[in-house]
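The sequence shown stops at residue 322 when you use our numbering, and every number in between is there.
Where a beta carbon is used, it is the ideal one built from N, C-alpha and C, also for glycine.
What you are looking at is a predicted structure, and each value in this text was computed from that prediction instead of being measured.
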Amino acid sequence: MTKISLVTGASRGLGRNAALSIARRGGDVILTYQSQAAEAQAAVAAIQALGRQAVALHLDTGKVATFAAFADRLRGVLRDNWQRDRFDHLVNNAGHGDYALIAETTEAQFDGLIDVHFKGVYFLVQALLPLIADGGRIVNLSSGLTRVSYPGYAAYAAAKAAVEVLTVYMAKELGGRGIAVNTVAPGAIETDFGGGAVRDNPEINKIFAGMTALGRVGLPDDIGPMIAALLSEDNRWVNAQRIEVSGGQAI
72 MTKISLVTGA SRGLGRNAAL SIARRGGDVI LTYQSQAAEA QAAVAAIQAL
122 GRQAVALHLD TGKVATFAAF ADRLRGVLRD NWQRDRFDHL VNNAGHGDYA
172 LIAETTEAQF DGLIDVHFKG VYFLVQALLP LIADGGRIVN LSSGLTRVSY
222 PGYAAYAAAK AAVEVLTVYM AKELGGRGIA VNTVAPGAIE TDFGGGAVRD
272 NPEINKIFAG MTALGRVGLP DDIGPMIAAL LSEDNRWVNA QRIEVSGGQA
322 I
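Below you can see the structure in the form of structure tokens.
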């Protein structure tokens with residue numbers, strides 16, 4: 072039976088690349104977007120061009136109060152498009168960058184990062200657990216910045232570190248259902264994330280490239296295929312792990 076993966080924040084960047092990589096490996100995809108509806112539909116069209124099914128749904132992962140309604144919409148999509156009541160893989164990718172030194176971080180900035188990157192992941196998994204098939208997979212996205220410090224990223228990195236701990240607890244609690252849970256932690260990547268800082272700021276790009284054994288920053292194509300591979304049966308025994316995909320950043 073074809074596997075169905077739900078990828079949050081998949082209208083752009085790493086999420087889009089992961090969704091396409093999953094489709095290239097023969098999976099169907101439900102992708103979510105917050106504001107970029109046109110880009111999400113373009114991603115759907117690209118997946119369909121690969122011969123796979125895809126649907127885009129709106130979701131703000133920072134608004135826990137909307138998750139029950141989202142789960143209801145998802146039930147309908149699964150029934151209408153796949154004649155199924157479960158999906159197989161959840162990739163918690165959605166996120167945003169908001170960077171400031173500790174002395175300058177506002178409470179609103181802090182709360183926004185926690186709501187999306189930690190609280191949202193926690194309660195979205197809770198809301199979707201009845202819809203995830205036994206033997207399924209969950210991948211939570213973290214960051215190389217939980218291991219390597221860089222000024223201005225404290226709140227963002229702390230939220231991601233919380234997700235890494237959460238991943239281990241999810242793996243323990245969901246193991247009885249055969250659900251494996253892992254963290255993928257990309258290094259610096261050239262995307263529009265955080266205003267495109269790594270992609271568009273030559274100084275930042277050079278700094279992170281200089282910290283990386285392979286001599287450059289990453290590209291979406293360095294991450295998406297790895298996520299898709301982690302979801303496959305070939306990696307069924309990988310569980311509760313933090314897997315850094317950074318080209319050897321700060322080693």
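Outcome for residue i when other beta-carbon atoms lying within 10 angstroms are tallied against a minimum of 16
i: Met72; result: exposed
i: Thr177; result: exposed
i: Ile322; result: exposed
i: Ser220; result: exposed
i: Tyr240; result: exposed
i: Arg307; result: exposed
i: Leu172; result: exposed
i: Gln154; result: exposed
i: Val236; result: exposed
i: Asp305; result: exposed
i: Gly122; result: exposed
i: Gly84; result: buried
i: Asn272; result: exposed
i: Ala136; result: exposed
i: Ala94; result: buried
i: Gly86; result: buried
i: Glu274; result: exposed
i: Ala268; result: buried
Rounded Cβ spacing between residue i and residue j (contact assumed at less than 8 Å)
i: Gln105; j: Leu130; result: 7 Å
i: Asn253; j: Gln312; result: 5 Å
i: Ile298; j: Ser92; result: 7 Å
i: Gln124; j: Asn88; result: Wrong, their Cβ atoms sit about 19 Å apart, outside the cutoff.
i: Leu195; j: Thr238; result: Their Cβ separation, rounded to whole angstroms, is 14 Å, which puts Leu195 and Thr238 out of contact at 8 Å.
i: Ile75; j: Phe158; result: 4 Å
i: Leu184; j: Ala232; result: Actually they are not in contact, since the Cβ atoms of Leu184 and Ala232 sit about 12 Å apart, beyond 8 Å.
i: His188; j: Val255; result: Contact flag wrong, Cβ pair sits at about 14 Å.
Which of helix, strand or coil DSSP assigns to residue i
i: Asn211; result: strand
i: Ile298; result: helix
i: Ile322; result: coil
i: Ile75; result: strand
i: Leu161; result: strand
i: Leu128; result: strand
i: Ala45; result: Because the chain here runs from 72 to 322, residue 45 falls outside it and cannot be looked at.
i: Asp305; result: helix
i: Asp156; result: coil
i: Gly246; result: helix
i: Gly191; result: helix
i: Asp205; result: strand
Delimiting residues of the beta strand (DSSP E) encompassing residue i
i: Arg313; result: Arg313 to Val316
i: Tyr104; result: Asp99 to Tyr104
i: Asn253; result: Ala251 to Pro257
First and last residue of the uninterrupted alpha helix (DSSP H) at residue i
i: Asn88; result: Gly84 to Arg95
i: Tyr170; result: It is not in any alpha helix (DSSP H) - Tyr170 carries neither H nor E in the DSSP assignment.
i: Tyr221; result: Careful: Tyr221 lies outside any alpha helix (DSSP H) and carries neither H nor E.
i: Glu110; result: Ala108 to Ala120
i: Ala81; result: From DSSP, Ala81 is part of no alpha helix (DSSP H); its letter is neither H nor E.
i: Glu178; result: Glu178 to Ile185
i: Arg150; result: No alpha helix (DSSP H) holds Arg150; DSSP gives it neither H nor E.
The ligand SAH heavy atom lying under 7 Å from the CB of residue i
i: Val234; result: With respect to the ligand SAH, the structure shown offers nothing to examine, as it has no ligands at all.
Query raised in the report: Between the stretch 284-293 and the stretch 193-201, do at least 3 Cβ pairs fall closer than 8 Å?
Result: no
Query raised in the report: For the 8 Å Cβ check, are there 3 or more pairs between the stretch 275-283 and the stretch 95-109?
Result: no
Query raised in the report: Between the stretch 211-221 and the stretch 159-178, are three or more C-beta pairs nearer than 8 Å?
Result: yes
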